[in-house]
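J.: At position 77 of the sequence shown the residue is numbered 123 (this note's numbering), and the sequence of numbers has no breaks. Glycine is no exception: its CB is placed at the ideal position from the N, C-alpha and C atoms. Take a look at the following structure, please.
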Amino acid sequence: MPAGLSDAQRLLVQRKFHVADGVYAQSGRGVQARFSSGWGAALAAARLLGALPETAIRWWTEQPGGHLLLTAGDDAYKISLSVEGEALHGVAALPIGWLVEDEARALAAALRPLDHLLGCGGAADAPWLSDGGGISPRWQRIGAQIAQLFALGYGASEASRQDPHVYLAEGLALALTDRQALNVNDPKLERLLVASLLSEGFWRRNSPPLGE
47 MPAGLSDAQR LLVQRKFHVA DGVYAQSGRG VQARFSSGWG AALAAARLLG
97 ALPETAIRWW TEQPGGHLLL TAGDDAYKIS LSVEGEALHG VAALPIGWLV
147 EDEARALAAA LRPLDHLLGC GGAADAPWLS DGGGISPRWQ RIGAQIAQLF
197 ALGYGASEAS RQDPHVYLAE GLALALTDRQ ALNVNDPKLE RLLVASLLSE
247 GFWRRNSPPL GE
């Protein structure tokens, strides 16, 4: 594993990242000029996630679900998916081209599993954090606040005003890359994220139990 990644990021790559067969060969010139392989792109995605608190990344690596699959173009989220014969749960498909064309969009896609895991441990047909869920009482309070803020309609994109999952993913991605911009567009969400999902101290005090 190359330098530049923390131990937690390295574990995240090892345990949660997957590259679809043929995705690099099918990618455009921009991707192949930027990355030497599909796994090179995966490492770039891991670096984007490195702005999360260290405890958050470590907790994510320890969960049974919450995977990232680099694809040629599909950005769907799958509750369960077979990858190279292995049954995976909570899989966010991340188009490899986004890592070159729009890193903020790529980061938002890569953050979706965290919303699912914190909401219900990655269970099917259960509320995500952004739906108002939460796998502990403290996280349920955070989820309820996110759901209330979503209802105010301050999402930066049309999709984020229609879908709470997109609302949190895009808001969290913006908080990690341009906090001032989020503060201008959605100051209440910015304050909430800074005090919770983006706070190392909050994670250490309220680190959720491991998924079953």
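Return helix, strand or coil for Glu216, following the three-state DSSP convention.
T.: By one-based count along the sequence shown, residue 216 stands at place 170. Glu216: helix per DSSP, three-state reduction.
J.: Rounded to the nearest angstrom, what separates Asp171 and Arg187 at their Cα positions?
T.: To locate residue 171, count along the sequence shown from 1; it is residue 125. To locate residue 187, count along the sequence shown from 1; it is residue 141. So the alpha carbons of these two residues sit roughly 20 Å apart.
J.: Let me confirm a value: Ser203 is counted as buried when at least 16 other C-beta atoms fall within 10 Å, else exposed. Which label applies?
T.: Along the sequence shown, read from residue 1 onward, the residue named residue 203 stands at position 157. Ser203 should be labelled exposed.
J.: Under a three-way DSSP split, which group does Ile103 fall into?
T.: The residue given as residue 103 occupies position 57 in the sequence shown. Here Ile103 sits in helix by DSSP.
J.: Would you call the CB atoms of Arg199 and Gly189 closer than 9 Å?
T.: As a first step, residue 199 is located in the sequence shown; it is residue number 153 there, counting from the start. As a first step, residue 189 is located in the sequence shown; it is residue number 143 there, counting from the start. One point to set straight first is that residue 199 is Gly, not Arg, in the sequence displayed. Not a contact, by the Cβ cut-off of 9 Å.
J.: From the DSSP output, in three-state form, read off Tyr70 for me.
T.: Taking the first residue of the sequence shown as position 1, residue 70 is located at position 24. Three-state DSSP puts Tyr70 in a helix.
J.: For the structure I just gave you, are there three or more beta carbon pairs, one from the segment 105-113 and one from the segment 156-168, closer than 8 Å?
T.: Yes: the two stretches touch, three or more of their Cβ pairs being nearer than 8 Å.
J.: Can you tell me where the beta strand (DSSP E) holding Ser128 begins and where it ends?
T.: Here residue 128 refers to the residue found at position 82 of the sequence shown. Its beta strand (DSSP E) spans residues Tyr123 to Val129.
J.: Name the DSSP beta bridge partners of Pro141, please?
T.: Position 95 of the sequence shown, counted from the first residue, corresponds to residue 141. BP columns for Pro141 point to Thr117.
J.: Can you list, in chain order, the residues of its chain with a C-beta nearer than 6 Å to that of Lys124? Leave out the 5 residues immediately preceding and following it.
T.: Looking up residue 124 in the sequence shown gives position 78. So the qualifying residues of the chain are Val137.
J.: Are there 16 or more other CB atoms within 10 angstroms of the CB of Trp144, so buried, or fewer, so exposed?
T.: Here the question's residue 144 lines up with position 98 in the sequence shown. That one is buried.
J.: Taking the alpha-carbon positions, what's the Gly180 to Ala71 distance?
T.: On the sequence shown, position 134 is the one that residue 180 refers to. On the sequence shown, position 25 is the one that residue 71 refers to. Cα to Cα, Gly180 sits roughly 40 Å from Ala71.
J.: Sorted by chain position, which residues of the same chain lie with C-beta nearer than 6 Å to Pro99's C-beta, five sequence neighbours on each side aside?
T.: As a working mapping, residue 99 is identified with position 53 in the sequence shown. Here the set comprises Glu246 and Trp249.
J.: Whose C-alpha, out of Gly112, Asn231, Gly96 and Pro183, is nearest the C-alpha of Arg4?
T.: Residue 4 lies beyond the stretch modelled for the chain, which goes from 47 to 258, so this question has no answer here.
J.: Sort Pro173, Gly167 and Gly76 by Cα distance to His113 and report the nearest one.
T.: As a first step, residue 113 is located in the sequence shown; it is residue number 67 there, counting from the start. Of the candidates Pro173, Gly167 and Gly76, the one whose C-alpha sits nearest the C-alpha of His113 is Gly167.
J.: Cα-Cα, which of Ala221, Ser182, Ala227 and Arg75 is closest to Ala153?
T.: For the purposes of this step, residue 153 is taken as the residue at position 107 of the sequence shown. The sequence as given places Leu at residue 153; Ala does not occur at that position. Residue Ala221 is the option with its Cα nearest to Leu153.
J.: Does the separation of the CB atoms of Asn252 and Arg184 fall below 9 Å?
T.: Sequence index remark: in the sequence shown, residue 252 carries index 206 (1-based). Sequence index remark: in the sequence shown, residue 184 carries index 138 (1-based). Result yes, Cβ atoms of Asn252 and Arg184 sit closer than 9 Å.
J.: Restricting to Cα atoms, I'd like to know which of Tyr213, Ala133, Ser73 and Ala139 is closest to Asn231.
T.: The residue given as residue 231 occupies position 185 in the sequence shown. The shortest Cα separation from Asn231 among Tyr213, Ala133, Ser73 and Ala139 belongs to Tyr213.
J.: Checking the sheet assignment: what are the DSSP bridge partners for Phe63?
T.: Residue numbering aside, residue 63 sits at position 17 when the sequence shown is read from its first letter. DSSP, once it has assigned bridges, lists Leu114 as partnering Phe63.
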